[in-house]
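According to the numbering used here, the residues represented by the sequence shown are 78 to 448, in order.
Just so you know, even glycine gets a beta-carbon here, dropped at the ideal spot from N, CA and C.
Worksheet: the structure to be examined is printed underneath.
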Amino acid sequence: MTTPILAAVLEKPGAPLQIRELLLDDPEDNEVLIRTERVGLCHSDLHYLKGSLDISLPVVLGHEVAGIVERVGSAVTRIKTGERVVATVTPSCGACRNCISGRPTQCERVDSMRERQRPRLLSPDGSSVESLGGIGAFAEAFLVKEASVAVVGSDLPPQVACLLGCCISTGVGAVIHGAKVGPEDTVAVIGCGGVGIAAIQGARLAGARRIIAIDAVPAKLELARNFGATDTVVSSSDPTETLIQVRSLLPQGVSHAIEAVGRSQTAELAFSLLRPNGTATILGLMPTGSELRIPADALVYGDRHLQGAYMGANRFLSDVDMFTDHYLNNRLDLDAMVTKELPFERINEGFEAMAEASTIRVVLNMTDRQL
Ligand SMILES: [Zn+2]
Ligand SMILES: [Zn+2]
Numbered sequence: 078m079t080t081p082i083l084a085a086v087l088e089k090p091g092a093p094l095q096i097r098e099l100l101l102d103d104p105e106d107n108e109v110l111i112r113t114e115r116v117g118l119c120h121s122d123l124h125y126l127k128g129s130l131d132i133s134l135p136v137v138l139g140h141e142v143a144g145i146v147e148r149v150g151s152a153v154t155r156i157k158t159g160e161r162v163v164a165t166v167t168p169s170c171g172a173c174r175n176c177i178s179g180r181p182t183q184c185e186r187v188d189s190m191r192e193r194q195r196p197r198l199l200s201p202d203g204s205s206v207e208s209l210g211g212i213g214a215f216a217e218a219f220l221v222k223e224a225s226v227a228v229v230g231s232d233l234p235p236q237v238a239c240l241l242g243c244c245i246s247t248g249v250g251a252v253i254h255g256a257k258v259g260p261e262d263t264v265a266v267i268g269c270g271g272v273g274i275a276a277i278q279g280a281r282l283a284g285a286r287r288i289i290a291i292d293a294v295p296a297k298l299e300l301a302r303n304f305g306a307t308d309t310v311v312s313s314s315d316p317t318e319t320l321i322q323v324r325s326l327l328p329q330g331v332s333h334a335i336e337a338v339g340r341s342q343t344a345e346l347a348f349s350l351l352r353p354n355g356t357a358t359i360l361g362l363m364p365t366g367s368e369l370r371i372p373a374d375a376l377v378y379g380d381r382h383l384q385g386a387y388m389g390a391n392r393f394l395s396d397v398d399m400f401t402d403h404y405l406n407n408r409l410d411l412d413a414m415v416t417k418e419l420p421f422e423r424i425n426e427g428f429e430a431m432a433e434a435s436t437i438r439v440v441l442n443m444t445d446r447q448l
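Laid out in structure tokens, this is it:
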């Protein structure tokens, strides 16, 4: 038995998403079927939409999601029907070397964790449709592995709960788990979209003594101050100009630079901002084939570090509990990060709104629809 659902399908990069009926399979033993409440629009979705990251087509994108568990597979033990959950694109087995050493986003079994026996989604003609990251949340309902979901309390509203699945996990996670920022640190965050604002909030939570927000759009920098930025720099198309401005604030450079844009130029800029012994942490997903050029002298003589933090090197289950407490105690502002809510059928308009200066996160309301 399958469940008919409406889903936004990407047929071809560059073309608008098409909302159409698909058939959602039944949960396998270790899966849960989730009725979608809210989904955030993420820049990685936009990469696939534009074709700058490769993905098998046709596909249902959407991964920053909160919803209610409707059905559970026979082997599911941790999740119950009726619970509100959030999902991550990085399921983890909890038993491999990377998982037990605290790096579940690098789980050695991530591919087998996502495998299933039958296609998750079918078109009415019987052809299969892919789903991003084993989620595919631009749909009325989706199937996901138990290992990909965390339960959130009912005191966390769905329009902010969804943010925990990607931009908060990535931005706050990178600062706390990836960069391990503390009160002695000075932090520059390049890019003030959802992930960048989350990183700024992470640096504030971690007690960083200076937090420099960097973005090309002045309006975004004004927003960044509301989330904890102590200083702001309008970035120039010439990275040397941006470097000069940061050095005018901190002549030695910063101890941590966080790149939340996803371009090689901004990743190289992040490295250039570092003081000796500083660390640049790169979060943004870059177009397939991107490469970085780093001056070897600055790296070696200055004991500088360059690292990735895919999905913020988050520890999803415990992080979701931590983020929830910080939100409920007014130390993590999720409400103000949702700058626009739209009904599902306006999803393409939502992606256009991502380019607006006032946008931090666009969230789709999947339960208030006229379709
Ligand atoms: Zn994302
Ligand atoms: Zn593992």
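The Cβ atoms of A251 and A276 sit closer than 8 Å to each other. Taking the Cα of V272 as reference, the smallest distance to any Cα among I253, R381 and T247 is reached at T247. Taking a contact as a CB-CB distance under 8 Å, the pair F393 and P181 counts as one, their CB atoms being some 7 Å apart. Close CB contacts of L298 within its chain, under the 6 Å cut and outside five residues either way in sequence, are with A290, D292 and T309 (chain order).
A straight-line Cα-Cα distance of about 7 Å links L320 and S349.
Within the DSSP secondary-structure output, A216 pairs in a beta bridge with A84.
Distances from the CB of S129 to the heavy atoms of ligand 1 are all 7 Å or more. Rounded to the nearest whole angstrom, the C-alpha separation of N425 and S231 is 30 Å.
With the rule of 3 Cβ pairs closer than 8 Å, the region 151–158 does not count as touching the region 368–388.
In the structure shown, L130 falls within a coil segment according to DSSP collapsed to helix, strand and coil. Contact annotation: A265 and V331 have beta-carbon atoms nearer than 8 Å.
Counting the other CB atoms within 10 Å of its CB gives P81 a total below 16, which places it among the exposed residues. Spatial neighbours of T79 in its own chain (CB-CB distance under 8 Å, excluding positions within 5 residues in sequence) are listed in chain order as L100, L101, D102, D103 and L199.
Unbroken alpha helix (DSSP H) runs of no fewer than 4 residues, entirely contained in the region 308–343, are found at 316–326, following chain order. Contact annotation: V258 and Q278 have beta-carbon atoms that are not nearer than 8 Å.
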